[in-house]
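Each remark here refers to the structure printed beneath this line.
Residue numbers (my numbering): 300 to 1249.
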């Protein structure tokens, strides 16, 4: 079911009714068509789902790489494989997880969880895995959960075969649909693990929730995973959790397709905070990446893991045992049976005056225990040999000593321990491999890709091979500090495929060198280092368009002309060309050079730098490419003020301020406030206002920014790719103000639209530009919940609301959908698409919410956003209308693609938060005073922080 499609179909049936609704509110019509509070399952796809990318048929011509689509398949159990349709991660004819050339019993992708805990001080362990197969023969493929299994590797006659097995009891809900837009879909998976069947008084231990976020024009799929303790403290003490992501990568068309693979530590991200890592602790957050290269197929696979894992390993499947493939890596239980007396002790145990000092076989490593605390302290259990049938019982931490520095020496004492007792020591050991290397990055790779360097990196035993990837997080879960999320851990996995561009592996021909493929970096940066609200606040560029007859030299002078082609030289000498050192990387305002033929028969060609052109002067390009059959060019380029201009000159520009043709007057007056916001506070030019679609009756010549795909349907329907065929994608025009009769023989200077900077005011119901961005912003409407804004990054948006926000399970917080109450909500979000079009989107759930969002920005909220934590791509505002003089404004959420924060460089409202907020407030007030805007300031109450599930 596509909710947006449902809305459009209802419009088609009764457009008069919709028009009446739109007169009432910007988004009020949405509530009439919203689904139930619990996202629906998908008839026919309860267990398996397949979804298909649309990049190959889209309008992202300016994307500097191949426009090929990624297709995905997955199961309700959390595996990235659809056994029904035999699809996993498929790109350009290659499926790495469900490769038809590989026997199905060798397909492997999914997760493993290993839970150690105590019940009345007795050591307990429950493991579970959903790995598609059990790495045996065809009898071990798929199937339901195999419950209460005795052995990780199934033993014939003792255990059941299958790809989903547990020593306890597990149940997985049907796949649920959260959002299904033209370019993005979000699915919800949920598995609960029990110690034994509920009908036998089993206790639910842990809930695994996965949001599968599939942006259909990207080359990756993202999984946002929450592992949450749910036993309500029935089990005493913390739970030790190992959670491992696994998969075999068959990147080719053979039964054994050979690839190079390498794991890289410490890639830099804007999301350097996590409650289990930093700043509550001192472990700065990065992410890990494994890159897989198949030169024969000219493909690159990649998997990224945030936050950095405790263990990581990539190995050739030929070197993997079945047990290694199905077991977790970190936890090691060292069992000792003490002898009758000192004479029977092995060399690694010493005894002196009632104390046994034990040297562990592997060094214990520290791992996150909650609230930022990391340590390597083990658990110690004693089995009393004098009690028949005794089980390992936890020895109080006060009764033994641990040498944390060595990580290997532990001492226990009589009378807590006696000769012939059993001792079990449970701890974590490091597993990174196989081949540790210290390669050098190639010079063409961005220098800021890693938080720190040199490495090491980790490769396979021998390369090339068939990579099997293991990445594992380890952490404790308890209820000691739920406000610090000690009961919930969030992690993220990204799986993707691209064409081969310039990747290099340390074991390839250029030994000892490596290069992360530039398209892989582009795709990763969209997630881990996205364009954000802080970037928007400091945006300092101007976008220009120029068209003309092609010559070997192109002189860029759009910034020195008006739209009538008159010379206007006020910027001459005061602007410089934005010329990124590396072309084709994300978020660097690259220039785009496009060639056209005079007859319009050939497809346009996007040139690449430096292969096709180079710079010959400040604003001159020399074309190196073969231009046979091409007569015309178009260049999109950016400039930046040099600092020599008078102080009143603008320091950047938004090319467009767009409202909906169907919008209310409130959006128009809100747009006016947005315009003054940028000029007053940030000295940014607002160049041109426009509509989303054509005002056919009252203003057909007013500029519009959306592309028209048809000419026979009413209103906005002509602006969908294929409304009657239910393809509801929309797209921006290339530019505005190119004459219809333009033949390319003269140079003209139209207004760029695609690749420009666009402010959008008003929601998707009334503004097609907002509808376009709804597939991309990190807070959005049209979810399958009962109204409200949805944000995958919110930690409490998994299955339950956060404490003190709502008493209803599965209810969203921000769902005030009418004007009859005292609460309103709005979002301010930004996004940069594959054409490098930047959107700054402002709208509320109702018309008055949109107005007050604009009011808040004009009243200084824009200045607050420039101090935001990096990576904040969207904020959710809440308005209290109970006292209208003035309206109370709250920032309720500060969001990124997969997590949230306070915005003030903390996860929670800690002492540092209040210090930072005080400094932040002082900065905003001082800026307002300096600009003479202090009288415009509005009070903004910041309520945002990580909101764990209860």
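Beta carbons: idealized from backbone N, C-alpha and C, even for Gly.
Secondary structure in the segment 528 to 576: the beta strand (DSSP E) runs of 3 residues or longer, each lying completely within the stretch, are 538 to 547, 559 to 566 in chain order. In this structure, DSSP gives residue 785 a state outside helix and strand, which the three-state scheme calls coil.
Boundaries of the alpha helix (DSSP H) around residue 966: 964 to 981. A Cβ-Cβ contact shorter than 9 Å links residue 840 with residue 888. Residues 370 of the same chain have their beta carbon placed closer than 6 Å to that of residue 351, with the five preceding and five following residues left out of the count.
Two segments are said to touch when three or more pairs of C-beta atoms, one from each, lie closer than 8 Å; by this definition the segment 1043 to 1053 touches the segment 832 to 846. Residue state for residue 744 is assigned as coil, using DSSP reduced to three classes.
The count of Cβ pairs closer than 8 Å, one atom from the segment 438 to 452 and one from the segment 992 to 1004, stays below three, leaving the stretches out of contact. Within its own chain, the residues whose Cβ lies closer than 8 Å to the Cβ of residue 640, once the five positions on either side in sequence are excluded, are 718, listed in chain order. The Cβ atoms of residue 732 and residue 659 lie no closer than 9 Å to each other. With a cutoff of 9 Å on beta-carbon distance, residue 969 and residue 1164 are scored as not near each other. Residue 694 has its alpha-carbon roughly 8 Å from the corresponding atom of residue 678.
Taking a contact as a CB-CB distance under 8 Å, the pair residue 1032 and residue 1006 counts as one, their CB atoms being some 5 Å apart.
Cβ-Cβ distances below 8 Å link residue 439 to 404, 432, 433, 453, 460, 461, 462 in the same chain, with the five nearest sequence neighbours on each side left out; the list follows chain order. Closest in alpha carbon position to residue 795, among 375, 344, 387, 882, is 387. In the DSSP annotation of this structure, the continuous segment of the alpha helix (DSSP H) that includes residue 1221 starts and ends at 1210 to 1230. Apart from sequence neighbours up to five positions away, the residues of its chain that approach residue 340 with a beta-carbon distance below 7 Å are 473, 474, 475, ordered along the chain. Taking C-beta atoms as the reference points, residue 554 and residue 402 count as a pair closer than 9 Å. If you compare the alpha carbons of 948, 1039, 902 with that of residue 930, the shortest gap goes to 902. For the set 786, 799, 825, the Cα lying nearest the Cα of residue 793 is the one of 825.
Sequence-distant partners of residue 634 (beyond 5 residues in either direction) whose C-beta falls short of 6 Å from its own C-beta, in its chain, are 723. For the pair of segments examined, the segment 682 to 701 was found not to touch the segment 732 to 748: the number of CB pairs separated by less than 8 Å stays below three. Between residue 1074 and residue 480, the C-beta spacing is below 9 Å. An exposed status is given to residue 436, since fewer than 16 other beta-carbon atoms sit within 10 Å of its beta-carbon. Positions of the beta strand (DSSP E) runs, each at least 3 residues long and wholly inside the segment 1117 to 1190, are given as 1122 to 1131, 1137 to 1143, 1173 to 1179 in order along the chain.
Residue nearest to residue 997 within the set 620, 960, 980 is 960 (criterion: CA-CA distance). Considering only 769, 939, 885, the residue with the shortest C-alpha distance to residue 613 is 769.
Beta-bridge analysis with DSSP links residue 483 to 514.
Per DSSP, the unbroken alpha helix (DSSP H) holding residue 821 starts and ends at 817 to 827. By the criterion of at least three beta-carbon pairs nearer than 8 Å, the segment 926 to 942 is in contact with the segment 896 to 916. DSSP places residue 766 within a strand segment (E or B) once states are collapsed to three. Inter-residue distance for residue 668 and residue 608 is about 14 Å (C-alpha atoms, whole angstroms). Scanning 730, 502, 477, 501 for the CA closest to the CA of residue 511 turns up 477. Residue 919 places its beta carbon 9 Å or farther from that of residue 870. For residue 984, no alpha helix (DSSP H) segment is defined; the enclosing uninterrupted segment is the beta strand (DSSP E) at 984 to 990. Boundaries of the alpha helix (DSSP H) around residue 622: 621 to 625.
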